[in-house]
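There are 4 protein chains.
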Amino acid sequence: MYESFNPANPDYKSAVHALFHRAGFIQALGIQLKDVGPGWCETTLTLEPRHLQQDGFAHAGLVATMADHTSGAASGSLIAANEMILTVEYKINLLRPGVGESLFSRAEVIRAGKRIIVTESAVFANRGNEQKLIAKGIFTLSVLPK
Amino acid sequence: MYESFNPANPDYKSAVHALFHRAGFIQALGIQLKDVGPGWCETTLTLEPRHLQQDGFAHAGLVATMADHTSGAASGSLIAANEMILTVEYKINLLRPGVGESLFSRAEVIRAGKRIIVTESAVFANRGNEQKLIAKGIFTLSVLPK
Amino acid sequence: MYESFNPANPDYKSAVHALFHRAGFIQALGIQLKDVGPGWCETTLTLEPRHLQQDGFAHAGLVATMADHTSGAASGSLIAANEMILTVEYKINLLRPGVGESLFSRAEVIRAGKRIIVTESAVFANRGNEQKLIAKGIFTLSVLPK
Amino acid sequence: MYESFNPANPDYKSAVHALFHRAGFIQALGIQLKDVGPGWCETTLTLEPRHLQQDGFAHAGLVATMADHTSGAASGSLIAANEMILTVEYKINLLRPGVGESLFSRAEVIRAGKRIIVTESAVFANRGNEQKLIAKGIFTLSVLPK
Chain X
8 MYESFNPANP DYKSAVHALF HRAGFIQALG IQLKDVGPGW CETTLTLEPR HLQQDGFAHA
68 GLVATMADHT SGAASGSLIA ANEMILTVEY KINLLRPGVG ESLFSRAEVI RAGKRIIVTE
128 SAVFANRGNE QKLIAKGIFT LSVLPK
Chain A
8 MYESFNPANP DYKSAVHALF HRAGFIQALG IQLKDVGPGW CETTLTLEPR HLQQDGFAHA
68 GLVATMADHT SGAASGSLIA ANEMILTVEY KINLLRPGVG ESLFSRAEVI RAGKRIIVTE
128 SAVFANRGNE QKLIAKGIFT LSVLPK
Chain Z
8 MYESFNPANP DYKSAVHALF HRAGFIQALG IQLKDVGPGW CETTLTLEPR HLQQDGFAHA
68 GLVATMADHT SGAASGSLIA ANEMILTVEY KINLLRPGVG ESLFSRAEVI RAGKRIIVTE
128 SAVFANRGNE QKLIAKGIFT LSVLPK
Chain W
8 MYESFNPANP DYKSAVHALF HRAGFIQALG IQLKDVGPGW CETTLTLEPR HLQQDGFAHA
68 GLVATMADHT SGAASGSLIA ANEMILTVEY KINLLRPGVG ESLFSRAEVI RAGKRIIVTE
128 SAVFANRGNE QKLIAKGIFT LSVLPK
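Protein chains in written order, with the numbering used here: chain X, 8 to 153; chain A, 8 to 153; chain Z, 8 to 153; chain W, 8 to 153.
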């Protein structure tokens, strides 16, 4: 990480947990919060046939959803209790086909402005004992009053 | 569209239909092929609670998945029967919160190289009689032997 | 363009002209304002050897600079006299090698929020009587008090 | 860096030097090669008024040009003597206004395929004794026969 951050909300861990429990899409897909700290977050997902594209790889949209939500949660760890996060835009490179038993994602805040937060998010595929980087993205998020 | 395209596969419509039927993630989400022609594709999705993020809007990952798969299908309309498409990377801007009964996406190829295809994809939300542009992205796809 | 816009500054044309005259980098490169209206802008550049990369094509950085500044000017046409524009981020695809006598760029605002403006920008190369699309990008800009 | 790389060209350092000497745009701007190794490159630039935008900051186009060319050189360190590199696309976030005496950029390859190389590139501004991250981007480059 490029700098260290102080969360504006002392109860930020509960706030980030809520970003997972209250998001129907994330619940439906099965993406789980693994760990969170000030300015970073980690998530996991067990891959199932319903997550794949036509050639048997994790769908680019699934991989990006995981990277995006993990970025939102990393950003959410820094905001005040009366603020919320919306994704403004992102770019993601799918570096290798996503093949394996599960995915792991880690997002880190690289710039925390008052109105705009920028993160980097990486997604890895776990296959047997091997972990491979399959995607990397940069995300721009907006901090808004709730 | 910036130019007109000739599909390499005369049976490209069946090939594009298969991109939807054979993709578990797209089937699970409920994204449907609406129409396809040489270098373009249109899709629709009826919004449900399982598609939303924590504040009740269509999840950015869902919107991007729709834009991505529609781009893949627009690209898939141009390739030979023994080729396949993989997303190399994309960038998407979420322009407005996705609120409404359904989403509509249209993707258009803006450059069809032998190895790389580039598309633009837009996503609209339908709410009552109103249709609003909620996202716009640029996608880079790779053409590979099957 | 997806919608029509009303400039907040009645004298927006002068304000946009100043974005060119007062930018040392744009002056040094020779990028010229061709035309501007509410939410759009067009620029031109005569190509010289000092604009090229190692293989004789217009440098990607030059093409992107032109697309970026034209986007900034399209955005600048909409803001108040006491506001300024900064590029938050952008993504650009270099679709074809930039070869020819001159470049032409057109940027259009696709979303004008109070704090964030999003544009699309295209760059074309003119060679003899032919004009080819060589780059397309999406730009996110921030509206700030001066 | 995520992995270590073996250059295909034993004389890769000369090849990368040529990417700077033979690029008119890079020479004209004053961007200098600082160091290069397998899969990475570092460059520097002394800031002058001709590099700035209308508010006195390093122009986004300049910052991106530096990040792009440094990415091209990092990629160029890995290719064969009869191959060349073209930028397919990139995305860059301008994290802070570029203010200071000089810029420093470091690019690292994060995925080296046979046809496509992906890099990350960071740009820092040096002001007095302080160095600040001002931009971060992801670049997709194409490996082509010369």
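C-beta: ideal position from N, C-alpha, C; glycine also.
Do residue j and residue i have their beta-carbon atoms positioned less than 8 Å apart in this structure?
i	j	result
K116/W	S149/W	The question names Lys, but residue 116/W is Val in the sequence shown. No, the Cβ-Cβ distance between V116/W and S149/W is not below 8 Å.
L54/W	E137/W	no
A87/A	A142/A	no
H76/Z	G68/W	yes
A81/Z	T126/Z	yes
G31/Z	R57/W	yes
Does DSSP classify residue i as helix, strand or coil?
i	result
M73/W	helix
S21/A	helix
L26/Z	helix
R122/X	coil
Q61/X	coil
F111/Z	strand
P152/X	strand
L52/Z	strand
F12/A	coil
G135/W	coil
G46/A	coil
A80/A	helix
I99/A	strand
A142/W	strand
I38/A	coil
I92/Z	strand
I86/W	coil
Return the chain-ordered list of same chain residues with a C-beta closer than 7 Å to the C-beta of residue i, the five sequence neighbours on each side being excluded.
i	result
K41/X	E49, T50, T51
F12/A	P45, G46, L85, V116, A119
M73/A	I38, T50, L52, L110, S112, V130
E90/A	V150, L151, P152, K153
S21/Z	none
Y19/Z	S84
V43/Z	K20, V23, A80, S84
Sorted by chain position, which residues of the same chain lie with C-beta nearer than 6 Å to residue i's C-beta, five sequence neighbours on each side aside?
i	result
R122/W	V150
A71/A	I99
S78/X	A114, T126, S128, F146
Q60/Z	H66
H24/Z	none
L101/A	A67, A142
Which same chain residues, not among the five before or five after residue i, have their C-beta less than 8 Å away from its C-beta?
i	result
Q34/W	F27, H28
V106/A	G63, F64, A65, A132, R134
L93/A	L148, S149, L151
M8/A	The predicted position of M8/A is uncertain, since its pLDDT is 46 and thus under 50; no value can be drawn from it.
L7/A	The requested residue 7/A does not occur in the structure, where chain A is confined to residues 8 to 153.
Quick one: list the residues of chain A neighbouring residue i, beta-carbon separation under 9 Å, in chain order.
i	result
V125/Z	N100, L102, K143
Using the beta-carbon of each residue, which ones in chain X are nearer than 8 Å to residue i?
i	result
R118/Z	Near R118/Z there are no residues of chain X at all, since even the closest Cβ is about 10 Å away, more than 8 Å.
Can you name the residues of chain A whose CB is closer than 7 Å to the CB of residue i?
i	result
T147/Z	N100
G68/X	F32, G68, A71, T72, D75, H76
Using the beta-carbon of each residue, which ones in chain X are nearer than 7 Å to residue i?
i	result
R7/Z	No answer is possible for residue 7/Z: it lies beyond the span of chain Z, which begins at 8 and ends at 153.
A35/A	R57
Name the chain W residues whose beta carbon is nearer than 8 Å to that of residue i?
i	result
T77/Z	Chain W residues near T77/Z: none, gap ~10 Å exceeds 8 Å.
(message) Tell me which residues of the region 90-115 of chain X have at least one Cβ-Cβ distance to chain B shorter than 7 Å, keeping chain order.
(response) Protein chains X, A, Z and W are contained in the structure displayed, whereas chain B is not.
(request) Output, in sequence order along the chain, the residues in the region 9-32 of chain W whose CB is closer than 9 Å to any CB in chain Z. (result) With the criterion set as a beta carbon lying under 9 Å from some beta carbon of chain Z, the members of the region 9-32 of chain W are A25, L26, F27, H28, R29, A30, G31, F32, in sequence order.
(request) Select from the region 46-62 of chain W all residues with a C-beta closer than 9 Å to any C-beta belonging to chain Z, and list them in chain order. (result) If the cut-off is 9 Å between Cβ atoms, the region 46-62 of chain W has E55, P56, R57, H58, L59, Q60, Q61, D62 near chain Z.
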